[in-house]
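Okay, so here's the structure we're looking at.
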Amino acid sequence: MQAAVIVFPASNCDRDAAVALESHTGKPPHMIWHKDTSIPDDVRLVVVPGGFSYGDYLRSGAIAANSPIIQDLKQKADNGLAVLGICNGFQVLTEAGMLPGALMRNANQKFVCRISRLRLANAQTRFTKDYDAKHEIDIPVAHHDGNYFADDETLRRLEGNGQIVFRYTDNPNGSRNDIAGIVNQAGNVLGMMPHPERAIDPLHGGTDGKKLFQSILGSL
Amino acid sequence: MIARVYVGLKPGVLDPQGRTIASSLNDLGFDEVQDATQGKVIELTLENGEPEAVEARVKQMCEKLLANTVIESYRIELDEAEE
Chain A
1 MQAAVIVFPA SNCDRDAAVA LESHTGKPPH MIWHKDTSIP DDVRLVVVPG
51 GFSYGDYLRS GAIAANSPII QDLKQKADNG LAVLGICNGF QVLTEAGMLP
101 GALMRNANQK FVCRISRLRL ANAQTRFTKD YDAKHEIDIP VAHHDGNYFA
151 DDETLRRLEG NGQIVFRYTD NPNGSRNDIA GIVNQAGNVL GMMPHPERAI
201 DPLHGGTDGK KLFQSILGSL
Chain B
221 MIARVYVGLK PGVLDPQGRT IASSLNDLGF DEVQDATQGK VIELTLENGE
271 PEAVEARVKQ MCEKLLANTV IESYRIELDE AEE
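Given below as structure tokens:
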């Protein structure tokens, strides 16, 4: 099972994502530079990692969303390729129009860096099917622009379709409806602000992120 | 030709930075400040052209990159006198 990680200038969770993927697939993911124009055909899962792509210039994720590799990613995701956007990766996916809504400056203006407790809002997705829906999970957050916004109509649609996957139990950033992560309607693209790749080893302080990788990799 | 693009949050979108600016001004004794919004100005230096055509192109730039229309609105000003 071949996975890949996209690398932008100032990505900084790309190697953490690579370690998380390799520990589940047994082989190193392709590291794809943002100037590349196409994702290799053998890739079944693409991670858009956290960081500060392009220094967050203009808006977080805005420049990265227009990079050549994202154009190809968009096309392949339309055809069903599994995509996981974490933190800055979530911002990139919303900016690219692959997920609805936008991530704004945290409501309290502060960079938030701590463990966040999440509720499984939907444990039936390809990314969460190995979780017990009743269990809350602890996943670290580290962001300044994680305040999820979508208009009322979009929120209603997300709620109605079960596209909200994770909710904060203690909303750290002002996100509407406590949203921490969403999937697209087809269910193959997940974006989330918390960092599951930072919760896969006991030395991380917790391993609640493992089941996300297990779920999605097991579904492929 | 210069085009100035003013990008700001849409009405109804919470603007925490604007709110913080307003409350800070209140703290400084400017009690008349009721609200503040913060945006950005992007100044583009462009080849000269027909204003209508130039504006249409700048509008495309806004839609594609300069503004995130999920949360932001924009306004374009052309200044033909400036080089």
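Residue numbers (my numbering), protein chains in the order written: chain A, 1 to 220; chain B, 221 to 303.
Glycine is no exception: its CB is placed at the ideal position from the N, C-alpha and C atoms.
These numbers come from a predicted model, not from an experiment.
Taking the alpha-carbon positions, what's the Q258(B) to E159(A) distance?
If I take the Cα positions, the gap works out to 31 Å.
Span of the beta strand (DSSP E) around L81(A)
Counting along the chain, L81(A) falls outside any beta strand (DSSP E), and DSSP gives it neither H nor E.
Please name the residue, chosen from R15(A), Y168(A), V183(A), S53(A), that lies closest to F8(A) on a Cα-to-Cα basis.
The residue with the shortest Cα to Cα distance from F8(A) is S53(A).
Thinking C-beta only, is T169(A) closer than 8 Å to L118(A)?
Using a Cβ distance threshold of 8 Å, L118(A) and T169(A) count as a contacting pair.
Under a Cβ-count criterion, where at least 16 other Cβ atoms within 10 Å of its own Cβ denotes burial, should E197(A) be classed as buried or exposed?
Label assigned to E197(A): buried.
With a threshold of 8 Å between beta carbons, is R156(A) in contact with chain B?
By this cut-off, R156(A) is not an interface position.
So what's H34(A) in DSSP terms, helix, strand or just coil?
When DSSP states are grouped into helix, strand and coil, H34(A) belongs to the coil group.
Leaving out five residues on either side along the sequence, give the residues of the same chain with a beta carbon under 6 Å from the beta carbon of E95(A).
Excluding residues within five positions, the ones whose Cβ falls inside 6 Å are G61, A62, A65.
Give me, in chain order, the residues of the same chain whose beta-carbon lies closer than 6 Å to that of N268(B); leave out the 5 immediate sequence neighbours on both sides.
Annotation for N268(B): M221 place their beta carbon closer than 6 Å to its own, counting only its chain and skipping 5 residues before and after.
Under 8 Å, Cβ to Cβ, is there at least one residue of chain B near M104(A)?
Using a Cβ-Cβ cut-off of 8 Å, M104(A) counts as an interface residue toward chain B, since at least one Cβ of chain B sits closer than that to its own.
Rounded separation between R157(A) and I296(B) - CA only
For R157(A) and I296(B), the distance between alpha carbons rounds to 32 Å.
Look up F213(A) in the DSSP assignment and say whether it is helix, strand or coil.
F213(A): helix per DSSP, three-state reduction.
If Y148(A) and L103(A) are in contact, beta carbons under 8 Å, what's the gap, nearest whole angstrom?
With a beta-carbon spacing of about 6 Å, Y148(A) and L103(A) fall inside the 8 Å limit used to define contacts.
Beta-carbon proximity check, D223(A) vs N106(A), cutoff 8 Å
No statement about residue 223(A) is possible, as the shown extent of chain A runs from 1 to 220 and does not include it.
Mind checking K35(A): buried by the 16 CB within 10 Å criterion, or exposed?
By the 10 Å Cβ count, K35(A) comes out exposed.
Under 8 Å between C-beta atoms, does L264(B) make it to chain A?
The beta carbon of L264(B) sits no closer than 8 Å to any beta carbon of chain A.
How about T257(B): is its C-beta nearer than 8 Å to some C-beta of chain A?
Not closer than 8 Å to any Cβ of chain A, the Cβ of T257(B) fails to qualify, so no.
8 Å contact criterion, which V165(A) and F127(A) should meet: CB distance rounded
With 8 Å as the limit, V165(A) and F127(A) qualify as a contact, their Cβ atoms being about 7 Å apart.
Proximity winner among P194(A), G89(A), M193(A), relative to I6(A) (alpha-carbon distances)
Among P194(A), G89(A), M193(A), the Cα nearest to that of I6(A) is on G89(A).
Roughly how many angstroms lie between the CA atoms of L212(A) and A10(A), to the nearest whole one?
Going from the Cα of L212(A) to the Cα of A10(A) covers about 25 Å.
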